[in-house]
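A.B. asks:
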Amino acid sequence: MECLDQDLSPIKCLELSGLDEVAILKGAGLKYEASWLKLINLYEGNPVYLKSIAALIKNIFDGGVADFLAENSLFITQDIQGILKQLFHKLSPLEKQLVLELSKFDQPVTREDLITTLDWSSMDLINSLQSLQQRYLLKKIHNGKVQFNLSLIFQEYVINYCQN
């Protein structure tokens, strides 16, 4: 467990793995179990996103996950938009700038690339990267070297709703 704020030391963050995403989809009465893993991966296994998207699939696609996936789009429901909007507005100005910069890239980028692009101090970048990662908005990729990219859902939200 990681202490998020020294002043509020009883508050900690614990990353849980193994929550049964399949149970969420089954509980929603979705069809075509063979497509469920693809849906779970698309929505990064996030239970909140899965519950929201399962309700959409149930209502609009009559529970047909394969039909939903045939749309070949990453849908961001109004519930998910609301959550991401709150998260985005709570970011510091530096974090927002970093998020907007990261949203421009289709591929993960290195810390060095970001320092060059943003012309920030190493400390500002590292602190911003750490904060975004703790909020599960940023993923660290080990691809021979450490690289970063936004969570797929968050990147889609930023591209569609936060660009000027």
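Just so we're on the same page, this note's numbering is the position in the sequence shown counted from 1, plus 2. Built from N, CA and C at the ideal position, the CB exists for glycine as well.
Would you decide whether Gln165 is buried or exposed? Buried here means 16 or more other CB atoms lie within 10 Å of its CB.
C.D. replies: For the purposes of this step, residue 165 is taken as residue 163 along the sequence shown, with counting starting at 1. By the 10 Å Cβ count, Gln165 comes out exposed.
A.B. asks: How many angstroms separate the CA atom of Val50 from the CA atom of Ser123?
C.D. replies: Working through the sequence shown from its first residue, we reach residue 50 at position 48. Working through the sequence shown from its first residue, we reach residue 123 at position 121. Straight-line Cα distance between these residues: approximately 35 angstroms.
A.B. asks: Give the straight-line distance between the Cα atoms of Gly66 and Asn74, rounded to the nearest whole angstrom.
C.D. replies: In the sequence shown, the residue the question calls residue 66 occupies position 64. In the sequence shown, the residue the question calls residue 74 occupies position 72. Going by the C-alpha atoms only, they are around 14 angstroms apart.
A.B. asks: Whole angstroms are fine: how far does the CA of Ile62 sit from the CA of Leu41?
C.D. replies: Mapped onto the sequence shown, residue 41 falls at position 39. Mapped onto the sequence shown, residue 62 falls at position 60. In a straight line, the C-alpha of Leu41 is about 16 angstroms away from that of Ile62.
A.B. asks: So, is Val101 buried or exposed, given that buried needs 16 or more other C-beta atoms within 10 angstroms?
C.D. replies: Translated into positions along the sequence shown, residue 101 becomes position 99. The residue is buried, with at least 16 neighbouring Cβ atoms inside 10 Å.
A.B. asks: By alpha-carbon positions, which one of Ile78, Asp69 and Ala30 ends up nearest to Ala56?
C.D. replies: To locate residue 56, count along the sequence shown from 1; it is residue 54. Considering only alpha carbons, the answer is Ala30.
A.B. asks: Would you grab the beta carbon distance between Thr140 and Leu131 for me? Rounded to a whole angstrom, and I think it's under 8 angstroms.
C.D. replies: Counting from 1 along the sequence shown, the entry for residue 140 is found at position 138. Counting from 1 along the sequence shown, the entry for residue 131 is found at position 129. For clarity, residue 140 is Leu in the given sequence; the question names Thr instead. The pair is a contact, with the Cβ atoms about 6 angstroms apart (cut-off 8 angstroms).
A.B. asks: May I ask you to list the residues that DSSP assigns as paired with Ile143?
C.D. replies: In the sequence shown, the residue the question calls residue 143 occupies position 141. Gln149.
A.B. asks: Do Ile82 and Ser105 have their C-beta atoms within less than 7 angstroms of each other?
C.D. replies: What you label residue 82 is simply residue 80 of the sequence shown in a count that begins at 1. What you label residue 105 is simply residue 103 of the sequence shown in a count that begins at 1. No; because the gap between Cβ atoms is not below 7 angstroms, this pair is not in contact.
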